[in-house]
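Student: Residue numbers (the numbering used here), protein chains in the order written: chain A, 1 to 212; chain B, 213 to 424.
There are 2 protein chains.
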Amino acid sequence: MSYLNNPRAIEAQSRAIIAARLGALGLGAGERDIVTRIIHATGDLEYARLVVIHPRLVAAATAALRGGADIITDIEMVRQGINSSMLARGGGQVICAIREREVAAAAAARGVTRAMAAMEFLAPRMTGAVVAIGNAPTALFRLLELMAAGRAAPAAIIGTPVGFVGAAEAKAALEKADVPFITVRGTRGGSTVAVAAVNALLHLTWDEEGDD
Amino acid sequence: MSYLNNPRAIEAQSRAIIAARLGALGLGAGERDIVTRIIHATGDLEYARLVVIHPRLVAAATAALRGGADIITDIEMVRQGINSSMLARGGGQVICAIREREVAAAAAARGVTRAMAAMEFLAPRMTGAVVAIGNAPTALFRLLELMAAGRAAPAAIIGTPVGFVGAAEAKAALEKADVPFITVRGTRGGSTVAVAAVNALLHLTWDEEGDD
Chain A
1 MSYLNNPRAI EAQSRAIIAA RLGALGLGAG ERDIVTRIIH ATGDLEYARL
51 VVIHPRLVAA ATAALRGGAD IITDIEMVRQ GINSSMLARG GGQVICAIRE
101 REVAAAAAAR GVTRAMAAME FLAPRMTGAV VAIGNAPTAL FRLLELMAAG
151 RAAPAAIIGT PVGFVGAAEA KAALEKADVP FITVRGTRGG STVAVAAVNA
201 LLHLTWDEEG DD
Chain B
213 MSYLNNPRAI EAQSRAIIAA RLGALGLGAG ERDIVTRIIH ATGDLEYARL
263 VVIHPRLVAA ATAALRGGAD IITDIEMVRQ GINSSMLARG GGQVICAIRE
313 REVAAAAAAR GVTRAMAAME FLAPRMTGAV VAIGNAPTAL FRLLELMAAG
363 RAAPAAIIGT PVGFVGAAEA KAALEKADVP FITVRGTRGG STVAVAAVNA
413 LLHLTWDEEG DD
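1) Going along the chain, which unbroken runs of the alpha helix (DSSP H) with 4 or more residues stay wholly within the region 240-321 of chain B?
2) Please confirm if aspartate 424 (chain B) has its CB atom under 7 Å from at least one CB of chain A.
3) How would you write the range of the alpha helix (DSSP H) that valine 193 (chain A) sits in, first residue to last?
4) Tell me, please, which residues DSSP counts as bridged to isoleucine 157 (chain A).
5) Just the C-alpha distance for histidine 266 (chain B) and alanine 275 (chain B), rounded to the nearest angstrom, thanks.
6) Could you spell out the range, first to last residue, of the alpha helix (DSSP H) harbouring alanine 446 (chain B)?
7) Glutamate 243 (chain B) to valine 270 (chain B), Cα distance in whole Å?
8) Short check: CB of alanine 335 (chain B) to CB of arginine 363 (chain B), under 7 Å?
9) Using a Cβ-Cβ cut-off of 8 Å (strictly less than) and excluding sequence neighbours within five positions of arginine 114 (chain A), which residues of its own chain qualify?
10) So is glutamine 93 (chain A) in contact with chain B if we call contact Cβ pairs under 7 Å?
11) What number of angstroms, rounded off, separates the C-alpha of isoleucine 230 (chain B) from the C-alpha of isoleucine 17 (chain A)?
12) Within its chain, find whatever has a CB closer than 6 Å to the CB of glutamate 381 (chain B); leave out the 5 residues flanking it on each side and keep chain order.
13) Is there contact between the region 277-296 of chain B and the region 75-83 of chain A, where contact requires at least three CB pairs shorter than 8 Å?
14) Where do the ends of the alpha helix (DSSP H) carrying arginine 125 (chain A) lie?
15) Show which residues of chain B have a CB atom less than 7 Å away from the CB atom of valine 162 (chain A).
16) Using a C-beta to C-beta distance shorter than 9 Å, which residues of chain B count as neighbours of glutamate 215 (chain A)?
17) Kindly list the residues whose CB is nearer than 8 Å to the CB of serine 84 (chain A), restricted to its own chain and excluding five residues on each side of it in sequence; keep chain order.
18) Which of the three DSSP states is assigned to leucine 4 (chain A) in this structure?
19) Check whether chain A comes within 7 Å of asparagine 218 (chain B), counting only Cβ atoms and requiring the distance to be less than that.
20) Would you say the region 28-42 of chain A touches the region 119-137 of chain A, given that touching needs at least three Cβ pairs under 8 Å?
21) Between B:Thr350, B:Val264, B:Leu416 and B:Thr404, which lies nearest to isoleucine 294 (chain B) when the distance is taken from Cα to Cα?
22) What does the alpha-carbon distance come out to for the pair isoleucine 20 (chain A) and leucine 416 (chain B)?
23) Within its chain, find whatever has a CB closer than 7 Å to the CB of leucine 356 (chain B); leave out the 5 residues flanking it on each side and keep chain order.
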């Protein structure tokens, strides 16, 4: 079979195709990189219309990451996809608590999701961190409650939980919160979307293009 | 804020909402479970129209998994998302070679993607295995070439690579190959989709519903 197999050539061609289909979006360069990477990762041009980026997001998130902020994720798939070696350049690490014994016990005891209990568990470590929620609407709802109660103060939130139960509502609440954010309107989102947004920010932080 | 936070209640409500929106798809129960789980994981009802499942897929994949087949993935994010404890009940494990030193060296030497080199590296372990490709079109192209050359013989392929460079073409080639498959027509797909399909198959194998 004949197909393009050089990673740099594939990346360049993908970016060119997406750029041609996107046309003028009226976005800044940083925002455009984020949207492009999300579309590259999902194959879904609808994201051009659905992604919402807070005007201070790129500046706030890249400053935090350059300064060594950790990235806190809701699930292990999101942790796994993040470019941890780029993150380590600033000194940060990726943290996910969903498999902590205490988190599982707290979730079971109260009959709530583990992702939600994991946000409570990590709240003390969130000050100045970037929080990336790719899967669980309950994690985003709980995070916003913790912030409103003064118990968590992240530098930025990548909030792209997915599905038909609470996701659109949690993301609408994020849009109203006083924090720089990236989100996706409606039911779509997921781990792949959160990872693409985070890795776009890491590339913006270190001002590099790349093939992951 | 008021929101549903019990994992079983969320799962049940999500399934009910998706079932109501899907209506009659003319699918068997197993196929319907796979499509439902993909839509649950992406929040995107378009998948009802885009997912293609080979008529022998459910029987072939569940028999393989029950018999201890391994699952081979293209990238670590897919490995991470698969329910490895359900897989272990049959005796199988999840295998991904993209971070093997030999794979990185082979890819660099030849200027090809690491995902593609990883398929070559794992070909001897693919006999009777389930291969799940969520990200890289080149991995799927190379796998089909290895099969045509008699160098790989998986029991089933979950092939949902994503993007605008080769993904639709690789998946169209999969539809023509002589192997049971799950795929997604067009540019969409991704790790989340591959993971959802694999976990649906694991639940079908052990005849259980569940909340992951």
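All residues carry an ideal CB built from backbone N, CA and C; glycine is no exception.
Tutor: On the basis of the data shown:
1) 241-254, 259-262, 269-278, 288-293 and 296-302
2) Counted from its first residue, the second sequence places residue 424 (chain B) at position 212. Residue placement at aspartate 424 (chain B) cannot be trusted, given a pLDDT of 49 that sits under 50; the coordinates are not used to answer.
3) Residue 193 (chain A) sits at position 193 when you count from the first residue of the first sequence. Counting along the chain, the alpha helix (DSSP H) containing valine 193 (chain A) begins and ends at 191-205.
4) In the first sequence, the residue the question calls residue 157 (chain A) occupies position 157. A:Val131 and A:Phe181.
5) Position 54 of the second sequence holds residue 266 (chain B). Position 63 of the second sequence holds residue 275 (chain B). Cα to Cα, histidine 266 (chain B) sits roughly 15 Å from alanine 275 (chain B).
6) What is shown of chain B runs 213 to 424, which leaves residue 446 (chain B) out entirely.
7) On the second sequence, position 31 is the one that residue 243 (chain B) refers to. On the second sequence, position 58 is the one that residue 270 (chain B) refers to. For glutamate 243 (chain B) and valine 270 (chain B), the distance between alpha carbons rounds to 7 Å.
8) Within the second sequence, numbered from 1, the residue matching residue 335 (chain B) stands at position 123. Within the second sequence, numbered from 1, the residue matching residue 363 (chain B) stands at position 151. Taking 7 Å as the Cβ cut-off, alanine 335 (chain B) and arginine 363 (chain B) qualify as a contacting pair.
9) Counted from its first residue, the first sequence places residue 114 (chain A) at position 114. Ile98, Val103, Ala104 and Ala107.
10) Along the first sequence, read from residue 1 onward, the residue named residue 93 (chain A) stands at position 93. False, the Cβ-Cβ gap to chain B never drops below 7 Å.
11) Locating residue 230 (chain B) in the second sequence gives position 18, where the first residue counts as 1. Locating residue 17 (chain A) in the first sequence gives position 17, where the first residue counts as 1. Near 32 Å, if we compare the C-alpha coordinates of isoleucine 17 (chain A) and isoleucine 230 (chain B).
12) Residue 381 (chain B) sits at position 169 when you count from the first residue of the second sequence. The answer is none, since no qualifying residue turns up.
13) yes
14) For the purposes of this step, residue 125 (chain A) is identified with residue 125 of the first sequence, where counting begins at 1. Looking at the DSSP string, arginine 125 (chain A) is not in any alpha helix (DSSP H), and its letter there is neither H nor E.
15) On the first sequence, residue 162 (chain A) is found 162 positions in, with the first residue counted as 1. Under the 7 Å cutoff, chain B gives Ala253, Thr254 and Gly255.
16) Given a span of 1 to 212 for chain A in the structure shown, any question on residue 215 (chain A) remains unanswerable.
17) Stepping through the first sequence from its first residue, residue 84 (chain A) is reached at position 84. Result list for serine 84 (chain A): Gln93 and Val94, in chain order.
18) Residue 4 (chain A) sits at position 4 when you count from the first residue of the first sequence. When secondary structure is reduced to three states using DSSP, leucine 4 (chain A) falls in the coil class, being assigned neither helix nor strand.
19) As a working note, residue 218 (chain B) is residue 6 in the second sequence. Interface residue, yes.
20) Of all C-beta pairs linking the region 28-42 of chain A to the region 119-137 of chain A, fewer than three are shorter than 8 Å, placing the two stretches out of contact.
21) As a working note, residue 294 (chain B) is residue 82 in the second sequence. The shortest Cα separation from isoleucine 294 (chain B) among B:Thr350, B:Val264, B:Leu416 and B:Thr404 belongs to B:Thr404.
22) Along the first sequence, one-based indexing puts residue 20 (chain A) at 20. Along the second sequence, one-based indexing puts residue 416 (chain B) at 204. Checking the sequence shown, residue 20 (chain A) turns out to be alanine, not isoleucine. If you take the alpha carbons of alanine 20 (chain A) and leucine 416 (chain B), they lie about 42 Å apart.
23) The residue given as residue 356 (chain B) occupies position 144 in the second sequence. Here the set comprises Ala385, Leu386 and Ala389.
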